[in-house]
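Notes for the one structure printed next.
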Amino acid sequence: MEKRHRHPFAVTLTAWGVLILGAGYSLGVLHAIFTYSTIESLPLSVPAWYFPLSGAVWGGVWLALGIGLRFGKEWSRRAALVAIPICFCAWMADERLLSRSATALQSFGFEAVLRLILAAIGVAFLIGAGPLEHYRPNPAALGRDLSMEKTTTHVE
8 MEKRHRHPFA VTLTAWGVLI LGAGYSLGVL HAIFTYSTIE SLPLSVPAWY
58 FPLSGAVWGG VWLALGIGLR FGKEWSRRAA LVAIPICFCA WMADERLLSR
108 SATALQSFGF EAVLRLILAA IGVAFLIGAG PLEHYRPNPA ALGRDLSMEK
158 TTTHVE
């Protein structure tokens, strides 16, 4: 049987970041639902249902990928490498399509650079980790290192 190594810290960190991103999109869905009547009254270039729908789609994608990354699934690493640039491009399109205020236009450059840096870090971590099939999540409780514990084998 092939020995499986511990999950790389960079992938664990990326998994938690992806889970937080999914939670943020999910909270955005709740916000869009609770303020739906206000959104409907605004003169936007997209229908009011676009915000909860897009948030639900991206929230679901990021939550699924975060859970897959946390449990060391190779499909999630490959899908995240595709989803990160797609999400960045979708965000750029949304910002260009929906940004009408002077504040949003002024902060666009900073936000674009920040999102590009974070996306590049996530992609670099996922590429650098290599295939996840050789890793397993750490089964130890928080703060407990199982590698130092003695194990006994029963031989009959």
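Quick note, the sequence shown lines up with residues 8 to 163 if you use my numbering. Even glycine gets a Cβ: it sits at the ideal position worked out from N, Cα and C.
| Check | Outcome |
| --- | --- |
| Interface flag, Phe-16 vs chain B, CB-CB below 8 Å | Reference to chain B is not applicable here, since this structure consists of a single protein chain. |
| Rounded straight-line distance, which links the Cα of Thr-21 to that of Leu-28 | 10 Å |
| Cβ-based burial, Thr-45 [other Cβ within 10 Å; buried from 16] | exposed |
| Within 8 Å, strictly: CB atoms of Leu-88 and Val-25 | no |
| For Val-68, the three-state DSSP class (helix, strand or coil) | helix |
| Length of the line joining the Cα atoms of Leu-60 and Leu-49 | 17 Å |
| Opening and closing residue of the alpha helix (DSSP H) in which Ala-22 lies | 16–41 |
| Neighbourhood of Leu-37 by C-beta distance below 8 Å, restricted to the same chain and skipping five residues each side | none |
| For Pro-92, three-class secondary structure by DSSP | helix |
| Residues near Leu-76 by beta carbon distance below 7 Å, same chain, minus five either side | Val-18, Thr-21, Ala-22, Val-25, Ser-83, Arg-84, Ala-87 |
| Simplified DSSP assignment, three categories, for Ala-55 | coil |
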